[in-house]
Amino acid sequence: AMYLYSGMADIATEYNDDTLTSALDTLWDDLVTKQMYVTGGIGPAAANEGFTDYYDLPNESAYAETCASVGLVFWANRMLGRGPNRRFADIMEIALYNGSLSGLSLDGKTFFYENPLESAGKHHRWIWHRCPCCPPNIGRLVASIGSYMYAVADDEIAVHLYGESSVKAEVAGTKIELSQATRYPWHGAVRLTLKVEKPTRFAISLRIPGWAKGAKLSIDGGAVDLASVTVDGYARIDHEWTGQEVIDLELPLVPRALWADPRVRQDTGRFALMRGPLVYCAEGVDNGDGLNALTVTGDPARASETVVEALGGAVALDIEATRDVSAGFEGSLYRETPPATEPAKARFVPYHLWDNREPGEMLVWMRGGPKKTGA
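Each residue of the sequence shown is one higher than the one before, starting from 747 at the first, in our numbering.
In structure tokens:
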């Protein structure tokens, strides 16, 4: 389906076919509002390698094939062919970092075929697979990531994804080079510099992610009013560029809790943790066995951050929690009083990096979290 829709989007862009675009919009909404995991994983069932019922998103048995998320990245990217739109680019980034990149180990030697959101400790990456489509698919995505970061039109260049990089292009008849200096997604500061063949007027469009509350943009130190320049989630700066300008974008990476639609029965009473575009999970290697016994009591927005060198310098989050204990259940599976609890500190790491250290349990959807009321 993802490849078919990618082809449809290419044709819609090439021929300005609004009938195809309308159909694609319907398909897009159907997927992202009823059938997509928080990681950008899609297709919960192994039996048909595909979809089941709306809101049916089991976690431990999730199929969520790496190839499917790679396909979603392809489709989202091609939906951007009609122009920058955060609606598609935000999902492209989520599927890239979480649903796709989880399929590749840090050393690049082993691969996930399926990407569940919960594991009892028996799910591990393959050295190879009897149906070896995912290893080369994630490999080609990583190798071609530059083509997803930028897009060029006659009088505009758009930045869809942030990361240390540079691109050479021709915009408004002038050769340009746009460079990013950043440690995103670990840090939210992005500095863009520009070289132009000659002073030329064109637009630079920068995606302002939907989660980036309080984002700030400046040119040569002068603040830009984002509300006045944002179109479809992109800050569009139409300017005569000399090549001396420095653009600074600050994207606040505040950890946040997400709740699922109550119709997703598997996630009822639980929340997922995100920081920027990254979904986080708890692993047994940090928290011990019995992850479902943890209840998060602290506010994710106040989580303490720690750099984990064993995960390539990734940022881990530590949050106050409690743990249910089995004391008092000796000789009985059930009793009339709830289990006692003990204080704990829960550590979360980026989901795409799990199973890179020691084998063990993993859990994305946690009990607890800050209380939310209202619609």
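Using N, Cα and C, we set each Cβ at its ideal position, and we do this for glycine too.
With 16 other CB atoms within 10 Å as the buried threshold, where does residue i fall?
i     : result
F858  : buried
V936  : buried
L811  : For clarity, residue 811 is Glu in the given sequence; the question names Leu instead. The residue is buried, with at least 16 neighbouring Cβ atoms inside 10 Å.
G968  : exposed
T1052 : exposed
D799  : exposed
A915  : exposed
R1081 : exposed
A755  : buried
G979  : buried
V1061 : buried
E839  : buried
A1028 : buried
T976  : buried
L803  : buried
Y761  : exposed
L708  : No information on residue 708 is available, as it lies outside the stretch 747 to 1121 that the chain covers here.
Check whether the Cβ atoms of residue i and residue j lie closer than 8 Å to each other.
i     : j     : result
S911  : P830  : no
N1102 : S851  : yes
W874  : G1059 : no
L963  : L995  : yes
L1063 : A1049 : yes
I788  : L770  : no
A1047 : R1002 : yes
G827  : T759  : yes
L1057 : L1099 : yes
G960  : Y930  : no
A958  : V970  : no
Rank the options by C-alpha distance to the C-alpha of residue i and give the top, closest one.
i     : options                    : result
Q990  : L1037, S964, V942, D1101   : V942
T920  : Y783, T988, V1042          : T988
E902  : F948, C813, E1066          : F948
G892  : V905, V1061, A822, V1095   : V905
E1055 : V1095, M825, E916          : V1095
G845  : A814, L826, G827           : A814
L773  : W821, L803, E795           : W821
A897  : A1003, V917, K780          : V917
L863  : D1013, D978, A1090, G854   : D1013
P945  : D984, Q926, S768           : D984
Y749  : G849, T856, A958, N883     : N883
E986  : G885, D978, L999, I965     : I965
D775  : R929, V888, F834, W1005    : F834
A1090 : Y1080, K1117, G1044, L1079 : G1044
E1104 : G753, A981, G867, V977     : G867
I993  : P1085, L924, D978, R876    : L924
V816  : N794, T767, C880           : C880
P1116 : R886, L1079, V1042, K780   : V1042
D900  : I922, A973, S890, Y908     : I922
T856  : P878, G960, V784           : P878
L907  : W872, Y843, A1086, P1084   : Y843
Y1026 : S848, N794, T779, G1015    : S848
M782  : S768, G854, N805, A1073    : N805
W872  : Y761, E1076, R1011, G854   : G854
S890  : L766, V913, V975           : V913
R1069 : S865, V975, A1086          : A1086
K780  : T928, A973, A1006          : A1006
H869  : I1065, R1011, L972, S807   : S807
S865  : D1035, A973, A927, L972    : D1035
Since residue i and residue j should fall inside the 8 Å C-beta cutoff, what is the C-beta to C-beta distance between them, to a whole number of angstroms?
i     : j     : result
L818  : A841  : 4 Å
E1088 : V1110 : E1088 to V1110, Cβ: 23 Å. No contact.
R1093 : L1040 : Actually they are not in contact, since the Cβ atoms of R1093 and L1040 sit about 10 Å apart, beyond 8 Å.
Y751  : R1009 : About 24 Å separates the two Cβ atoms, so there is no contact after all.
L997  : G956  : Rounded, the Cβ-Cβ distance is 11 Å, inconsistent with contact.
R953  : R832  : 6 Å
D763  : I757  : 6 Å
G796  : I837  : So it is not a contact: roughly 19 Å between Cβ atoms.
E1107 : G1030 : 4 Å
F1017 : L1004 : 6 Å
E860  : Y809  : 5 Å
Go through the region 1072-1108 residue by residue and report every complete run of the beta strand (DSSP E) that reaches 3 residues or more, in order. Runs of beta strand (DSSP E) with 3 or more residues, each lying fully within the region 1072-1108, are found at 1087-1096, listed in chain order.
Enumerate, from N- to C-terminal direction, the unbroken alpha helix (DSSP H) stretches of 4 or more residues contained entirely within the region 924-986. Given a length threshold of 4 residues, each whole run of the alpha helix (DSSP H) inside the region 924-986 is given here in chain order: 972-975.
Minimum length 3: unbroken beta strand (DSSP E) runs contained in the region 975-1053: List check, beta strand (DSSP E) in window: 980-987, 992-996, 1002-1004, 1016-1021, 1024-1029, 1040-1042.
Curious, which full-length alpha helix (DSSP H) runs of at least 4 residues does the region 797-826 contain? Those alpha helix (DSSP H) runs which fall completely within the region 797-826 and span 4+ residues are 812-825.
Whole alpha helix (DSSP H) runs in the region 848-916 with 4 or more residues, listed along the chain? For the region 848-916, whole alpha helix (DSSP H) runs of length 4 or above, ordered along the chain, are 880-889, 892-895.
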